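One structure is given here, and the rest of the page talks about it.
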Amino acid sequence: MDIKAIRNDFKILGKEVIYLDSAATSLTPDCVVAAVTMYYSEYNANIERGVYSFSQEASRKYEEAHAKVAAFFNVDEKEIIFTKNCTYGINLIAHSLKLEKGDTIVTTLLEHHSNYLPWLRLGNKYGVEVKRIKPTIDGFFNMKDFEAAIDSHTKIVAVTHVSNCLGTIVPVQEIIALAHRKHALVLIDGAQSAPHFSINLKDLGCDFFSCSGHKMLGPTGTGILYIKEALHESTEPFEIGGGMIDEVDVEHYTLAQGWEKFEAGTPNIAGGVGLGAAVQYLKKIGMKNIEDYERKLTRKMIEGMKTIKNLVILGPQDPEKRTGVVPFKIPNMTPHEIAFTLDEIAHIAIRSGFHCCHPLLKSILNEPDGTARASLYFYNTEEEVDIFLDALKEIL
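Counting in this note's numbering, the sequence shown runs from 6 upward without gaps.
And the structure:
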């Protein structure tokens, strides 16, 4: 990979900043900005409604974006729904579940709130049991805990692919296989995996997969939800209205097929077009290239941090078992103080706090103030990692 050329594709990197917060939101390449701008300046119209040229062009571009994202994940385009974020996609599936007395839901304490609270609310609303699998302090699981929790009463298993708090890569294929043997559905939160390594959803085998567009170079307000085609009929839309029906009369209606069924009203057309441009850009660079390069950066960061006295790294110590999400703490400094100081002395942007993982940080890691968190992406450089390490040494 030509990192210098890649960085030239991100105008914002011309500013004085070392951006180590891509787990929260990735930066946006110029091609995505251009795609969004072109929609507004060249063919700004509603989709699937007009016969005039602007509307036809907008419809074609939006449909092409679905096809690009579907190809990125190796699924049929009818299985890819555009949402406003990963959270919305998970809530759509939670809303559609038909729960009965005696059903159970299985999730974990490793989850982001977006893949925890919807299931907690369902449990409270319908009086069904929500089973919570506990990870180790490094974010690993004992598969026997899943074997004990998943049974014939399990309606759905919801688990993250990669921890947004610890960076731990979860062996979701084992969990999917186990759940399917018990005839349970599986939802994977892919917000932290989709941007960083190649995912073939057909091979992965999950029933639902939700991720964020804005974490994988796309515009904010965009997300992706995969629903296996065989489950389209039994999955109800979260919202209902214009653009997602086949026929309507005074008393009855029939829903459209494919992704249209789940995208009520005028969608974020510009965002969808931008998301299509984002996955094309990722595809051009190559997800294997991105994965290998990020692992190299992660190894350099972790090995360097290990040499700094009194600095504590959380999560797996082996770069092969994690992504470039690296939480850490420094004695006698709060996470916010660490983040503020890094920004002040070296213009380094990191995340601080609970990372929307209160159950994990409070009940498993015993970190009442949260952690500082650096997160890497393929536009970061080895030089930036060196500056980050030097800044940490200066603090300590």
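Cβ coordinates follow ideal geometry from the N, Cα and C atoms, glycine included. Because the structure is a prediction, the values reported are computed rather than measured.
Quick one: Cα of residue i to Cα of residue j, how far?
| i | j | result |
| --- | --- | --- |
| I155 | I110 | 9 Å |
| L4 | A269 | For residue 4 there is no data in the structure shown, the boundaries of the chain being 6 and 401. |
| K288 | F77 | 7 Å |
| E234 | E84 | 6 Å |
| V56 | N49 | 14 Å |
| A29 | F151 | 29 Å |
| T271 | Y67 | 12 Å |
| P364 | P140 | 11 Å |
| V253 | L102 | 25 Å |
| P373 | T339 | 10 Å |
| L115 | N294 | 28 Å |
| K367 | G375 | 8 Å |
| E179 | A261 | 34 Å |
| Y45 | L222 | 19 Å |
| G320 | V133 | 32 Å |
| A184 | V191 | 7 Å |
| N315 | K398 | 10 Å |
| F87 | N337 | 44 Å |
| A40 | L18 | 19 Å |
Grouping DSSP H, G and I as helix and E and B as strand, with all else coil, what is residue i?
| i | result |
| --- | --- |
| P332 | strand |
| R186 | helix |
| A28 | coil |
| G94 | helix |
| L365 | helix |
| L206 | helix |
| V175 | coil |
| G358 | strand |
| L18 | helix |
| L192 | strand |
| D212 | coil |
| Y384 | coil |
| T240 | coil |
| T346 | helix |
| G309 | helix |
| K103 | coil |
| T339 | coil |
Taking residue i as part of the alpha helix (DSSP H), name the residues at either end of that continuous run.
| i | result |
| --- | --- |
| L319 | Segment: none, L319 is in no alpha helix (DSSP H) and carries neither H nor E. |
| S60 | 58-78 |
| M1 | The shown model of the chain, from 6 to 401, leaves out residue 1, and the question about it has no answer. |
| V41 | 35-47 |
| M148 | 148-154 |
| N129 | 122-131 |
| I400 | 387-400 |
Can you give me the start and stop residues for the beta strand (DSSP E) that residue i sits inside?
| i | result |
| --- | --- |
| V164 | 159-165 |
| I313 | Element bounds for I313: n/a, residue is neither H nor E. |
| V284 | Looking at the DSSP string, V284 is not in any beta strand (DSSP E); the run it does join, the alpha helix (DSSP H), is 274-290. |
| R137 | 134-138 |
| E252 | 250-253 |
| R378 | 376-380 |
| Y258 | 258-260 |
Run through the DSSP bridge pairs and tell me what residue i is partnered with.
| i | result |
| --- | --- |
| G228 | T88, S217 |
| I353 | I23 |
| V111 | K136, V162 |
| D323 | According to DSSP, which records beta bridges pairwise, D323 is partnered with nothing at all. |
| I52 | None; I52 has no bridge partner. |
Since residue i contacts residue j with CB under 8 Å, what's their CB separation in whole angstroms?
| i | j | result |
| --- | --- | --- |
| A377 | A354 | Incorrect: roughly 12 Å between the Cβ atoms, too far for contact. |
| P224 | S31 | Contact flag wrong, Cβ pair sits at about 11 Å. |
| R12 | Y384 | 6 Å |
| D14 | P34 | 5 Å |
| H341 | N169 | Actually they are not in contact, since the Cβ atoms of H341 and N169 sit about 18 Å apart, beyond 8 Å. |
| D194 | C91 | 7 Å |
| T346 | I400 | 6 Å |
| I174 | T42 | Actually they do not touch by this definition, with Cβ atoms about 36 Å apart. |
| L381 | L25 | 7 Å |
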